[in-house]
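Following: one structure in structure tokens, then a few remarks.
There are 2 protein chains.
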Amino acid sequence: MAPPDREPAARVPLYARVKEAIVERIASGQIGPGGRLPSEHELMAEFGVSRMTAHRALRELSAAGLVARVQGRGSFAAPPRPRLEWLEIRDISDEIVASGHRHRVRVLAQEATRARADQALAFGLRPGARIFHATLLHYEDDVPVQIEDRLVSPRFAPDFLEQDFTKETVAAYLLRLGPATETEHVVYATTPSPEIRALLEIGRDEEQACLVVLRRTWSGGLPATQTEFIHPGARYALGTRSSMGDRPDGPAAP
Amino acid sequence: MAPPDREPAARVPLYARVKEAIVERIASGQIGPGGRLPSEHELMAEFGVSRMTAHRALRELSAAGLVARVQGRGSFAAPPRPRLEWLEIRDISDEIVASGHRHRVRVLAQEATRARADQALAFGLRPGARIFHATLLHYEDDVPVQIEDRLVSPRFAPDFLEQDFTKETVAAYLLRLGPATETEHVVYATTPSPEIRALLEIGRDEEQACLVVLRRTWSGGLPATQTEFIHPGARYALGTRSSMGDRPDGPAAP
DNA sequence: AAGTGGTCTAGACCACACC
DNA sequence: GTGTGGTCTAGACCACTTC
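In order, the protein sequences belong to chains A and B. Those letters in the first sequence? Residues 0 to 253, per numbering that gives the first Met the number 0, in order. Those letters in the second sequence? Residues 0 to 253, per numbering that gives the first Met the number 0, in order.
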């Protein structure tokens, strides 16, 4: 009673074929922005699928932001509203290894310190409270490409000082303790101090600007970590590339 | 035969309740990273829902990256693998207006030029071919915060020179012509030239580094635009914040 | 009233993993 | 073989919009 594959064609799920067909009509301009899409019943007739299958195709396109659906009215092609774009932030060691290079890390500091007033505020502690700190320098083929400067809440990672971060990434260790429930990223450019320049081996004549990624995480509502990733501007860039249809979820536009 | 609401409770769909329950177990640590989740049949029994409903809950959590599913084995809590993080890139005028400030733009250039060798290569044209160029300077409350330097393919936007970009954003105009099918972003830090410094009104003593977002777009396989957004490092940052469960799609980890 | 999307069910066939 | 997830169907009830 359920013919799962009416054609011995390629093993592409029906809902995926329906999605492809709709994306094709939008991408080719055949349905312009704001234009009306076939209703679920029309898709049932056109592709010979059940309503659940037609519905799934439209629902997933809606989640992907390519299609807007309004109950009682119909489905429409992506509205002419600026789409959000997304920049991927990955772990530096992954990136280096994935690009076929050699990754090495030096642990410059791994200690307990007293929280300064601003740090205490950020972590919800009293000034002078004990907090963990670590500074790591990441090399790609012996060229320094990132300074990782971390503050970690002792509440979140009590055994932080006992870890060997040349064996396991700090990020991997922290993830092992429990996933962050909230994450904040800020990216900006800055002119490095002489100390930073020395660590990153930035010559006097070399491009001096640095790219900084500031990451703050929370776990279960409590601040867990705060990290500055500092990169030499001339040797590092964040990048991403996306195609229509494989974009991350965006707010389904009205 | 289909009791749609066995309890007159709040109007929350069943699949959403199942999702919430699972997220709760993961976020509370009750199911630690890599831990096993109830199977679809177990969820059916526990929540009294059909298999389709249990499946939808798990499928959406899988798309959100919180759950990994493996055919034949089962469903598991977010694996202890570095999650991808995402940085949002938005239109500068939107950002300024959304934050309650005043946006103004000056058109510094809007012309047809001859493509340099590298530009011709990027656009798939012969060197010296006609190409459109525009430079805009964006102000937030009369303080310059972005230089927008664009190259646009005449094939994609034949009437580019006739537009009034003080009335309509370049991005909005281009979107009107047709959505980009592919987009590439690269973010890096750089030390600005004296010309750039002058335009952005960066003083001699001021922080000099600039944040550059390079965006390239394609439409239907052909290069459409290439843009450099240059920001003073001290006055601009990219930022984002995300919570567990509302993250964009990532590759469902094995 | 008719059409639309939003949800839900019961049952089915399949591919895959593990024992 | 048993259990898992992946897909699909036919039909149902509901809320909403439009006529």
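Backbone N, C-alpha and C fix where the C-beta goes; we use that ideal spot for every residue, glycine too.
Residue from the options whose Cα sits closest to the Cα of residue i
| i | options | result |
| --- | --- | --- |
| residue 129(A) | 116(A), 196(A), 87(A) and 181(A) | 116(A) |
| residue 219(A) | 181(A), 175(A), 139(A) and 121(A) | 181(A) |
| residue 155(A) | 46(A), 137(A), 69(A) and 221(A) | 221(A) |
| residue 163(B) | 133(B), 153(B) and 99(B) | 133(B) |
| residue 207(B) | 58(A), 192(A) and 138(A) | 192(A) |
| residue 51(B) | 108(B), 15(B), 174(B) and 30(B) | 15(B) |
| residue 138(A) | 167(A), 131(A), 118(A) and 100(A) | 100(A) |
| residue 72(A) | 39(A), 97(A), 56(A) and 63(A) | 39(A) |
| residue 197(A) | 144(A), 58(A), 118(A) and 174(A) | 144(A) |
| residue 173(A) | 62(A), 223(A), 31(A) and 58(A) | 223(A) |
| residue 122(B) | 153(B), 58(B), 67(B) and 111(B) | 153(B) |
| residue 108(A) | 58(A), 30(A), 165(A) and 127(A) | 165(A) |
Within 8 Å, strictly: CB atoms of residue i and residue j
| i | j | result |
| --- | --- | --- |
| residue 21(B) | residue 60(B) | yes |
| residue 48(A) | residue 86(A) | no |
| residue 65(B) | residue 91(B) | no |
| residue 211(B) | residue 235(B) | no |
| residue 146(A) | residue 160(A) | no |
| residue 171(B) | residue 217(B) | no |
is_contact[residue i, chain A] using C-beta, thresh 8 Å
| i | result |
| --- | --- |
| residue 240(B) | yes |
| residue 207(B) | yes |
| residue 19(B) | no |
| residue 88(B) | yes |
| residue 224(B) | no |
| residue 200(B) | no |
| residue 146(B) | no |
| residue 184(B) | yes |
| residue 77(B) | yes |
Alpha carbon of residue i to alpha carbon of residue j, nearest angstrom
| i | j | result |
| --- | --- | --- |
| residue 157(A) | residue 151(A) | 9 Å |
| residue 27(A) | residue 176(B) | 12 Å |
| residue 36(B) | residue 84(B) | 24 Å |
| residue 205(B) | residue 17(A) | 56 Å |
| residue 106(A) | residue 124(B) | 49 Å |
| residue 225(A) | residue 214(A) | 6 Å |
| residue 232(B) | residue 120(A) | 25 Å |
| residue 19(B) | residue 11(B) | 11 Å |
| residue 239(A) | residue 44(B) | 43 Å |
| residue 103(B) | residue 95(B) | 10 Å |
| residue 77(B) | residue 113(B) | 52 Å |
| residue 33(A) | residue 141(A) | 53 Å |
| residue 254(B) | residue 199(B) | In this structure chain B extends from 0 to 253, so residue 254(B) is not present and cannot be described. |
| residue 184(A) | residue 149(A) | 14 Å |
| residue 93(A) | residue 69(A) | 42 Å |
| residue 202(A) | residue 195(B) | 23 Å |
| residue 131(A) | residue 74(B) | 35 Å |
| residue 209(A) | residue 209(B) | 9 Å |
| residue 98(B) | residue 168(B) | 18 Å |
| residue 46(B) | residue 56(B) | 12 Å |
| residue 53(A) | residue 67(B) | 25 Å |
| residue 29(B) | residue 189(B) | 46 Å |
| residue 111(B) | residue 118(B) | 13 Å |
| residue 31(A) | residue 62(B) | 28 Å |
| residue 42(B) | residue 23(B) | 15 Å |
| residue 227(A) | residue 241(B) | 18 Å |
Contacts that residue i makes with chain A (C-beta to C-beta distance below 7 Å)
| i | result |
| --- | --- |
| residue 188(B) | 188, 208, 209, 210 and 232 |
| residue 37(B) | Within 7 Å Cβ-Cβ: nothing; residue 37(B) doesn't reach chain A, min ~19 Å. |
8 Å Cβ cutoff, residue i in contact with chain B
| i | result |
| --- | --- |
| residue 123(A) | no |
| residue 0(A) | Residue placement at residue 0(A) cannot be trusted, given a pLDDT of 42 that sits under 50; what the coordinates show is reported in the next sentence. No, because no Cβ of chain B sits closer than 8 Å to the Cβ of residue 0(A). |
| residue 237(A) | yes |
| residue 165(A) | no |
| residue 128(A) | no |
| residue 84(A) | yes |
| residue 250(A) | Confidence at residue 250(A) is low in this model, with a pLDDT of 32, below 50, so the placement of that residue should be treated as unreliable; the coordinate-derived value is given next. False, the Cβ-Cβ gap to chain B never drops below 8 Å. |
Closer than 8 Å at the beta carbon, the chain A residues around residue i
| i | result |
| --- | --- |
| residue 32(B) | 174, 175, 177 and 178 |
Interface residues of chain B facing residue i [CB-CB closer than 8 Å]
| i | result |
| --- | --- |
| residue 28(A) | 177 |
Check: residue i C-beta below 7 Å from any heavy atom of the ligand FMN
| i | result |
| --- | --- |
| residue 118(B) | In terms of ligand content, the structure shown is empty, and the ligand FMN therefore cannot be addressed. |
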